[in-house]
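With UniProt numbering, the residue at position 269 of the sequence shown is 269, and numbering never jumps. Glycine included, each C-beta is placed from N, C-alpha and C at the ideal position. One structure below.
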Amino acid sequence: MPKWIDLNEMDDDDILLKKNRLSQNFVSEADRTEPGEYKSATADAYEDDFLDAMEPAKKSMTIFFLIDVSGSMKGTKIGSLNSTMEELLPSLIGVGEASTDVKVAVMKFSTDVEWVTPEPVRIEEYQYWNRLDAEGLTFMGDAFMELSRKLSRGSFLNSPSISFAPVIFLLSDGSPNDDWKKGLAALQQNKWFQHALKIALGIGSKVNMDVLRAFTGNDELAVQAKNADQLRELIKLLAVTSSQIGSRSLALVDHGGAERVQPGEEVVAMAKQQVLVEEIRSGTKDILGDAVDLDAVDFDEGW
C-alpha cells in the first residue's frame with residue numbers, strides 16, 4: 001500500500017520539488033518538437049500554475065489568522081484571545097524546517113475588515129501582538145471576499161520561492177450579519193484557498209458552528225471552545241500543528257518503498273488535511289473532555 005513520507009527529512013527534497021514543478025509544464029509527444037521539450041511559460045500558464053515559482057533560495061508558508069472582533073467578543077473573550085496570541089507567537093518560531101520562511105498575516109473583522117499586518121511578516125519579526133478591541137457587527141462575508149483578494153501571487157503570496165499552500169485559521173464567536181455564503185462561494189473559487197489547510201475555532205455557546213464547518217469543509221477541523229482555558233489550549237494546538245504540517249513537503253512511497261513520487265497539489269492538500277485531522281484528534285479530545293449537549297449548557301458564563 002502507498003504511504004506518505006515527510007520530505008523535510010530527505011536530502012533530495014529540492015530535487016523532488018523541482019521535478020514536480022517541471023512535470024506540471026510537460027507536454028504530450030504530439031506537441032513536442034524535441035524529446036523532453038517543455039512548454040514555455042506564458043502569463044496564463046503561470047497564473048494557472050498557482051504554486052509554481054522561480055528557482056527558489058528558500059520555501060515559504062503563510063499562516064492567516066481571521067479574527068472576529070465584533071461586539072459580542074467584548075470583555076473576557078477578546079481579553080483571553082489577546083493573551084493567548086501573545087503566548088502563541090513565540091511558539092510559532094521554528095515550526096518550519098530551516099529552509100522555510102513561515103510568515104503570519106492577521107485580519108480582524110467586524111463591521112469593517114482590516115489587516116493588522118499590511119503584508120505577511122516573518123514570524124521571527126512578528127513577536128509583538130497588537131491587542132485587539134471588540135465592537136460592531138460580524139461581516140464575515142466581507143472578510144471572505146477580502147481574503148480571496150489577497151490570496152494571489154499579485155498580492156500577499158508573491159514570495160519568489162516555492163510557496164506551500166497557506167494555513168487559514170478562522171476564529172469567531174457568533175453568526176455572520178451579512179451574506180457569508182456569497183463571500184465563501186467566491187473564496188472557494190480561489191486556488192490557494194482550495195489547497196490551503198483550513199481550521200476554525202468557535203468561541204462560546206452562541207457561535208454558528210455550521211458556518212465554521214462550511215468554511216473548513218471538514219467537521220473535525222471546526223472545533224468549539226467552552227471556556228477561556230480551552231480557547232487558550234485549542235489555539236495553540238491548532239495553530240502550531242497546522243503550521244508544522246503546512247510547511248512540510250510530502251511524497252508518496254509505492255512499490256515497497258522503492259519509488260518516491262512527488263504528487264500534484266490537490267493530492268498533497270488532501271493528504272495534509274488527513275494528517276492534520278489525525279494529529280489534532282486526540283489533542284482536542286483531551287482538551288474538550290467528554291462531549292456535552294451544547295444547547296443544554298450555557299457555558300458562556302465561564303468567560
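Can you check which of these residues, the options, is closest to residue i by C-alpha distance?
| i | options | result |
| --- | --- | --- |
| GLU97 | GLY289, GLY246, GLY202, VAL267 | GLY246 |
| SER159 | PRO120, GLN194, TYR128 | PRO120 |
| GLY202 | THR100, ASP68, PHE64, LYS108 | ASP68 |
| SER91 | TYR128, ALA228, PHE164 | TYR128 |
| LYS191 | SER60, SER70, ARG149 | ARG149 |
| LEU221 | GLY174, GLY154, SER175, GLU278 | GLU278 |
| PHE193 | PHE156, LEU89, ALA134 | PHE156 |
| GLY174 | GLU87, VAL116, ASN208 | ASN208 |
| LEU171 | SER99, ILE93, TYR126, PHE144 | PHE144 |
| LYS206 | SER70, LEU66, MET61 | SER70 |
| SER152 | ILE287, ALA271, THR62 | THR62 |
| VAL267 | LYS226, HIS195, VAL223 | HIS195 |
| PHE215 | ASN227, ALA225, LEU89, LEU197 | LEU197 |
| GLY66 | LYS59, LYS226, ALA105 | As written in the sequence, residue 66 is Leu, which differs from the Gly given in the question. When only C-alpha atoms are compared, the closest one is ALA105. |
| LYS58 | ARG122, ASP178, LEU288, LYS226 | ARG122 |
In three-state DSSP terms, what is residue i?
| i | result |
| --- | --- |
| ASP219 | helix |
| LYS272 | helix |
| ALA196 | coil |
| LEU132 | coil |
| LEU151 | coil |
| ARG232 | helix |
| residue 310 | Because the chain here runs from 1 to 303, residue 310 falls outside it and cannot be looked at. |
| VAL240 | helix |
| ALA98 | coil |
| residue 323 | An answer regarding residue 323 cannot be provided, because it is not within the stretch 1 to 303 covered by the chain. |
| ARG248 | coil |
| LEU294 | Bear in mind that the predicted position of LEU294 carries a pLDDT of just 45, short of 50, making it unreliable; the figure below should be weighed with that in mind. Of the three classes helix, strand and coil, the one that applies to LEU294 here is helix, per DSSP. |
| SER175 | coil |
| LEU201 | strand |
| ILE280 | helix |
| GLY74 | The amino acid occupying residue 74 in the given sequence is Lys; Gly does not appear at that position. Looking at LYS74 - three-state DSSP - the assignment turns out to be coil, as it is neither helix nor strand. |
| ASN190 | coil |
| ILE287 | helix |
| LEU157 | coil |
| GLY264 | coil |
| THR138 | coil |
| LEU89 | helix |
Is residue i buried or exposed, if buried means 16 or more other CB atoms sit within 10 Å of its CB?
| i | result |
| --- | --- |
| TYR38 | Caution is warranted here: a pLDDT of 37 is assigned to TYR38, below 50, making its placement in the model unreliable, and the coordinate value is therefore given only provisionally. Per the 10 Å Cβ criterion, exposed. |
| ALA269 | buried |
| ASP142 | buried |
| GLY264 | exposed |
| GLN274 | exposed |
| GLY154 | exposed |
| GLN244 | buried |
| ASP12 | In this prediction, ASP12 scores a pLDDT of 40, lower than 50, which makes its location untrustworthy; no coordinate-derived value is stated. |
| GLN189 | exposed |
| PRO176 | buried |
| GLY217 | exposed |
| ILE199 | buried |
| GLU146 | buried |
| ARG232 | buried |
| LYS74 | exposed |
| ILE93 | exposed |
| ASP101 | buried |
| PRO118 | exposed |
| GLY204 | buried |
| ARG248 | buried |
| GLY289 | exposed |
In the DSSP assignment, what are the bridge partners of residue i?
| i | result |
| --- | --- |
| SER163 | SER60 |
| TRP115 | MET107 |
| VAL207 | Beta-bridge pairing links VAL207 to no other residue. |
| LEU170 | LEU66, ALA200 |
| ALA225 | ILE203 |
| ARG213 | Note: ARG213 sits in no beta bridge, so no partner. |
| VAL121 | VAL104 |
Against chain C, with Cβ distances strictly below 8 Å, would residue i count as a contact?
| i | result |
| --- | --- |
| GLU279 | The structure shown contains no chain C, having only a single protein chain. |
Below 8 Å, can you find three or more Cβ-Cβ pairs linking the segment 281–290 to the segment 236–244?
With a cut-off of 8 Å, the segment 236–244 and the segment 281–290 count as touching, because enough Cβ pairs lie within range.
Tell me, please, whether the segment 75–85 touches the segment 181–189 by the rule of three or more beta-carbon pairs shorter than 8 Å.
Fewer than three beta-carbon pairs drawn from the segment 75–85 and the segment 181–189 are found closer than 8 Å, and the two stretches are therefore not classed as touching.
Do the segment 132–146 and the segment 101–114 touch if we need at least three Cβ pairs shorter than 8 Å?
Yes, the segment 132–146 is in contact with the segment 101–114.
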